[in-house]
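Just below is one structure, and these are the notes that go with it.
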Amino acid sequence: MSKQYVIPIFVPHLGCPNDCIFCNQKSISGQMKQITEEDVESTVQEFLKSFKEENLYTEIAFFGGSFTGIDMELQEKLLKVAYKYVQNKQVDGIRISTRPDYIDREKLKLLKKYGVKTIELGVQSTNDYILKRAKRGHTFEDVKKASKLIRRYGFTLGHQMMIGLPESTWLDELNTAKDLAKLKPKMVRLYPVLVIKKTELESEFAKGEYHPITLDQAVERCKELYYFFDRKRITVIRMGLQNTDIISNPENINSEVVAGPYHEAFGQLVEDSIWYDRILSAIKKVNTKVAELEIEVNPENINNIIGHKKENIQKLKDLYDVDVKVKQNFNIKPGKFETKITKTYKDFLDDE
Ligand code: SF4
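The opening residue of the sequence shown carries number 33 in our numbering; numbering runs sequentially from there.
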């Protein structure tokens, strides 16, 4: 399969009538300008020029949360520009993200007319109490209706959910995942909640009314959700917010992040943790006390085995007293690995 590339186009929802407590759109909308057809044109051109490889599967992605909430006339203008690239085969598809209560037949017909393939819904939670607490302004019922309609119109459905919303427990998040799986999305995105400047959540955090989850909790929860969706054959396409100038380490001067489980490579942390589980399960399968293990892996996955800042190797040493040696092997398929026990504790005793 060819590699996938995304041309991201941020569409701010100026004048959004909602008040989600984690969002700073209202407070910064004065500093933003609405996107124009010319902006779409120049962004697409710029990205297409920068692609060096052939055979790329390319999508134009209108993101920002509420594409179908903006003025219909503007939606059509922006889509027209993007669709031109689909028609002349420079781009393979268009995706948008929006809110569940901004979906109806009329909006879907417009998206269909201009070749939109994928619609992602910002669900965040399926628990109506948590949705209300986060002032989302929609219910789980809206999510169900929108998801069914999107699939009926032949679009690919995606869902976005948040981890660590106020008063949301791990059980609530697992229930959200179960509810979503029943609506048959093709893909999901998992976003641990970050406290962003100039949001209601920031005031709650300052008053000690909101306690963000820790980075470890976020990694563990996302990992379990990843396993769950994987079993249901739903692809997890992203874990953690995209790193940008403003979504960056809270220590950076331009960062808008105040608190929460921020990490510049959050998705990588979760992936490494999944690899750690796989190595551990390989070790546990053998009926002997492993002292040294050699792992052969495709060069693409060496860092997954080692883990961020050698965390996987260190954890295996600290918790199980296993020394791991990693070797690259081009003959091993990416995603796979082979293990060889090079020393057991019995060998150690015999050596003495
Ligand atoms: S997250 Fe909520 S407040 Fe922010 S733009 Fe989307 S709907 Fe509006």
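Backbone N, C-alpha and C fix where the C-beta goes; we use that ideal spot for every residue, glycine too.
**OP:** State yes or no: is the C-beta of T171 within less than 8 Å of the C-beta of M193?
**Re:** no
Subject >> C-alpha distance - V251 paired with Y294, whole-angstrom precision >> reply: 11 Å
Original post:
Helix, strand or coil for Y185 per DSSP?
Top reply: coil
Subject >> Host beta strand (DSSP E) of M219 (start-end) >> reply: 219–224
Subject >> Residue from V289, A213, G125 with nearest C-alpha to G147 >> reply: G125
Subject >> Rounded separation between F260 and E205 - CA only >> reply: 11 Å
Subject >> Endpoints, alpha helix (DSSP H) assigned at E232 >> reply: 232–238
Original post:
Less than 7 Å between the CB of D51 and some heavy atom of the ligand SF4, yes or no?
Top reply: yes
Original post:
What does a CB cutoff of less than 7 Å around M219 pick up in its chain, not counting 5 residues either side in sequence?
Top reply: G190, I266, T267, I269
Original post:
Can you give the Cα-Cα distance for Q249 and Y223, rounded to whole angstroms?
Top reply: 13 Å
**OP:** Pull up the distance between the alpha-carbon of C52 and that of D174, whole angstroms please.
**Re:** 16 Å
Subject >> Top-ranked residue by Cα proximity to F298, from N275, P44, I311 >> reply: N275
Subject >> Classification of K139 by the beta-carbon crowding that lies within 10 angstroms, buried from 16 upward >> reply: buried
Original post:
Can you tell me where the alpha helix (DSSP H) with Y308 in it begins and where it stops?
Top reply: 298–317
**OP:** May I ask you to report which of helix, strand or coil DSSP gives L215?
**Re:** coil
Original post:
Which residues in the same chain as P44 place their Cβ atom closer than 6 Å to its Cβ, once the five residues preceding and following it in sequence are excluded?
Top reply: M64, G96
**OP:** Output the residue ranges of the alpha helix (DSSP H) runs that lie fully inside the stretch 225–290 and measure 4 residues or longer, sorted by chain position.
**Re:** 232–238, 247–263
**OP:** Report yes if the C-beta of H45 is less than 7 Å from at least one heavy atom of the ligand SF4; otherwise report no.
**Re:** yes
Original post:
Under the DSSP definition of a beta bridge, which residues are partnered with T130?
Top reply: L153
**OP:** Flag this pair as touching only if the stretch 276–286 and the stretch 231–251 have three or more C-beta atom pairs under 8 Å; answer yes or no.
**Re:** no
Subject >> Residue range of the unbroken beta strand (DSSP E) whose run includes A323 >> reply: 322–329
Subject >> Nonlocal neighbours in the same chain, by C-beta distance under 7 Å from K372, ignoring five residues either side >> reply: E326
Subject >> Nearest neighbour of F79, chosen from L181, Y308, Y117 [CA to CA] >> reply: Y117
Subject >> Simplified DSSP state of K65, which is helix, strand or coil >> reply: coil
**OP:** Identify which residue in F362, S313, D211, R137 has its Cα closest to the Cα of Y352.
**Re:** S313
Subject >> Whether E370 touches E328 by CB criterion (8 Å) >> reply: yes
Original post:
Can we count Q192 as close to the ligand SF4, meaning its CB is less than 7 Å from some heavy atom?
Top reply: no
Original post:
If you compare alpha carbons, which of C48, L106, L142, N120 is closest to E70?
Top reply: L106
Subject >> Three-state secondary structure assigned by DSSP to V349 >> reply: The sequence shown places Lys at residue 349, rather than the Val named in the question. Of the three classes helix, strand and coil, the one that applies to K349 here is helix, per DSSP.
**OP:** Would you mind working out which of C48, V123, R131, F42 sits nearest K176, comparing C-alpha positions?
**Re:** R131
Original post:
Y37 CB to nearest chain B CB: under 8 Å?
Top reply: In the structure shown, chain B does not exist; there is a single protein chain.
Original post:
How about S157: is its Cβ closer than 7 Å to a heavy atom in the ligand FAD?
Top reply: Among the ligands present in this structure, namely the ligand SF4, the ligand FAD is not found.
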